[in-house]
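Enquirer: Chains as they are written, first to last, in my numbering: chain A, 7 to 301; chain B, 7 to 301.
Cβ coordinates follow ideal geometry from the N, Cα and C atoms, glycine included.
Number of protein chains: 2
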Amino acid sequence: MNFADWMSAVQDRTEAALATFLPPADALPGRLHDAMRYAVLGGGKRVRPLLCHAAGAVFDAPAAELDRAACAVELIHGYSLVHDDLPCMDDDTLRRGKPTVHVEYDEATALLVGDALQSLAFQVLAETPESPSRQRRLSSMIALLAHAAGSRGMAGGQAIDLAAVGRTLTLAELEQMHIHKTGALIRAAVLLGAHCGNADAAALTSLTRYANRIGLLFQVVDDILDAEASTATLGKTAGKDAAQNKPTYVTLLGATRAKALAAELRDDAIKALAPFGNRADHLAGLTRYIVERSF
Amino acid sequence: MNFADWMSAVQDRTEAALATFLPPADALPGRLHDAMRYAVLGGGKRVRPLLCHAAGAVFDAPAAELDRAACAVELIHGYSLVHDDLPCMDDDTLRRGKPTVHVEYDEATALLVGDALQSLAFQVLAETPESPSRQRRLSSMIALLAHAAGSRGMAGGQAIDLAAVGRTLTLAELEQMHIHKTGALIRAAVLLGAHCGNADAAALTSLTRYANRIGLLFQVVDDILDAEASTATLGKTAGKDAAQNKPTYVTLLGATRAKALAAELRDDAIKALAPFGNRADHLAGLTRYIVERSF
Chain A
7 MNFADWMSAV QDRTEAALAT FLPPADALPG RLHDAMRYAV LGGGKRVRPL LCHAAGAVFD
67 APAAELDRAA CAVELIHGYS LVHDDLPCMD DDTLRRGKPT VHVEYDEATA LLVGDALQSL
127 AFQVLAETPE SPSRQRRLSS MIALLAHAAG SRGMAGGQAI DLAAVGRTLT LAELEQMHIH
187 KTGALIRAAV LLGAHCGNAD AAALTSLTRY ANRIGLLFQV VDDILDAEAS TATLGKTAGK
247 DAAQNKPTYV TLLGATRAKA LAAELRDDAI KALAPFGNRA DHLAGLTRYI VERSF
Chain B
7 MNFADWMSAV QDRTEAALAT FLPPADALPG RLHDAMRYAV LGGGKRVRPL LCHAAGAVFD
67 APAAELDRAA CAVELIHGYS LVHDDLPCMD DDTLRRGKPT VHVEYDEATA LLVGDALQSL
127 AFQVLAETPE SPSRQRRLSS MIALLAHAAG SRGMAGGQAI DLAAVGRTLT LAELEQMHIH
187 KTGALIRAAV LLGAHCGNAD AAALTSLTRY ANRIGLLFQV VDDILDAEAS TATLGKTAGK
247 DAAQNKPTYV TLLGATRAKA LAAELRDDAI KALAPFGNRA DHLAGLTRYI VERSF
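1. Using a Cβ-based criterion (distance less than 7 Å to any ligand heavy atom), does R102(B) qualify as near the ligand NAD?
2. I believe A75(B) touches L198(B) by the beta-carbon criterion, under 8 Å. Please report the beta-carbon distance rounded to the nearest angstrom.
3. Which of helix, strand or coil does DSSP assign to R19(A)?
4. Nearest-angstrom Cα distance between R193(B) and N218(A)?
5. Shorter than 8 Å from the beta carbon of F128(A) to some beta carbon of chain B?
6. Quick one: Cα of A149(B) to Cα of I148(A), how far?
7. The alpha helix (DSSP H) spanning G172(B) covers which residue range?
8. For the stretch 88–115 of chain B, which residues have a CB atom closer than 9 Å to at least one CB atom of chain A, in sequence order?
9. Express the C-alpha separation of R272(A) and R302(A) in angstroms, rounding to a whole number.
10. Would you mind reading off the limits of the alpha helix (DSSP H) that contains Y216(A)?
11. Rounded to a whole number of angstroms, what is the C-alpha to C-alpha distance between R173(B) and R37(A)?
12. Are any of the Cβ atoms in chain B nearer than 8 Å to that of Q306(A)?
13. Contact between the stretch 114–122 of chain A and the stretch 88–97 of chain A: three or more CB pairs below 8 Å?
14. In chain B, what lies closer than 7 Å to M7(A) by C-beta?
15. Please decide whether S145(B) counts as near chain A, where near means a Cβ-Cβ distance under 8 Å.
16. Closer than 7 Å between beta carbons: that is the criterion. Which residues of the stretch 145–166 of chain B meet it against chain A?
17. Could you check the C-alpha separation between A31(B) and M42(B) for me, to the nearest Å?
18. I need the DSSP call for K277(B), collapsed to helix, strand or coil.
19. Measure the CB-CB distance between Y44(A) and E110(A) and report whether it falls below 8 Å.
20. If you measure beta-carbon to beta-carbon, which residues of the stretch 29–43 of chain A are closer than 8 Å to chain B?
21. Opposite K104(A) in the DSSP bridges: which residues?
22. Cβ of T176(B) less than 8 Å from any chain A Cβ?
23. Going along the chain, which residues of its own chain have a beta-carbon closer than 8 Å to the beta-carbon of D66(B), five neighbours each way excluded?
Okay, here's the thing in structure tokens:
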């Protein structure tokens, strides 16, 4: 299967799996379930599920287990978007081309949608089919996802971000923020995929190096897009970071050096995949795909 | 050990365990970690940890494992209080005699505190020491907690509550709301304690009956307290439900019949403990303790 076909197959199966894991909109409480489905389904490039499946492919991980890991990460990502868009955070009205959840429903519902999506993520991951090898790894996998989502991961990155608004950050401080805010969950996506294939410690180390590069790469590209693309292309409000006086790779480095950094991170990431040979082709393909969004 | 001593020993060890599981306030991001500790430590009756330890005592569960299960449930409870107090929900300024988190810090920080406490709950539960029997049960235990916290449990109860403001509910509808809003997490506390002791299916069934009664009992008592006690006694704003025109057991039944219902639920709960003989003494003691708060 070529890369484009593989990507679209993973996106389709992720959409189908999410639709199954999310409670039906006619289950009580209907408004909450409807809003959860609105927040998660029918949008997004599913980059984290793609990374999870691509990492699993290196170790021939079972597809059904990868679906659970991929959806768990995507549900955490989805909850974070809903909460980030709230008036007390970024106060945004547009996401993936649609009104944000608190605009379409209301603020209290958006709060509960995020809360319930986070719970669902752990439920989906925990309900992995019972094989002895999976049982042995489940404790690590849940702890990995929880750590990535929590105060030393994604939520911590949000807190660092809050504290940074209006301040001048150094490049090192900006990197620290993104390692938490975006990087932690990207890393979790890759490592959970690898765990589904019972990857050994050496493989996990190589993949951690890969994932750290990809996490930053993803953010550098996001900053370039935010500065250069239109709201219509992005499906979310463009130029928001500059307008809010938030530091970005583009404001710190300029667009040209930001693009050079992206190319460097891409090359480093692909180098970290060397031990896996062509079993890592999808991971390499995703790396290029992430960069090409911006160039 | 008599009941009062046992209760205070469990409260002390829960406080100590929570202080260990929570990230230190000097770990980055400091403000977030400080606020997480503010939200969770030094307050609360620790009813859910008490129920967890009391249920574990029936089956001689290891104390270190009960600490993790008890703290996981308490962290979920703690997050729910922080989010419930937010302006878009109950908009409350006082909790456990102190300013609520969004008043003491700010709204964005309070949102992240709740989000990060939920992640931490699953991390604490997942990092249970690796014994084969615990590994076998961990999947069920994580799924149980996630279900209790999520859209078909506590968060769902909040959504039902939101939809009920200003409406007249029947007693059955009020019960449905509380079975989700308070009952689900109370039940999780009891069942997780039992899982830590490798309780069998029959025991779990009896304990589920017990926990369902206790969950409602807890809410009936809360409604009585809200109607009758002062803000100073409660440590949170009293008379709030009536002021917000929220349905309660007292507004639906009157105080006398609400107290009779509490006594009936107490007796039913204690009957459900019969199979366990005096191994369930602490569970029975807690049942009486919960009721005596109100009488």
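Expert: Per the coordinate set shown:
1. As for the ligand NAD, it is missing from this structure, which has no ligand bound.
2. 4 Å
3. DSSP places R19(A) in helix when its eight states are reduced to three.
4. 40 Å
5. yes
6. 11 Å
7. For G172(B), no alpha helix (DSSP H) segment is defined, and its DSSP state is neither H nor E.
8. H89, L92, P93, C94, M95, H108, D112, E113, A114 and T115
9. This structure gives no information on residue 302(A), because the portion of chain A shown stretches from 7 to 301.
10. Taken as a continuous stretch (DSSP letters only), the alpha helix (DSSP H) holding Y216(A) covers A207 to E234.
11. 16 Å
12. Since the first residue of chain A shown is 7 and the last is 301, residue 306(A) is not available in this structure.
13. yes
14. Going along chain B, no residue has its Cβ under 7 Å from M7(A), so there is no contact; the nearest lies around 32 Å.
15. yes
16. S145, I148, A149, A152, H153, A155, G156, S157, R158, A161, G162, Q164, A165 and I166
17. 9 Å
18. helix
19. Contact flag set, yes.
20. Only those residues of the stretch 29–43 of chain A whose C-beta falls short of 8 Å from the nearest C-beta of chain B are listed: P29, A33, L34, P35, R37, L38, H39 and M42.
21. R101(A)
22. no
23. The answer, listed in chain order, is G203.
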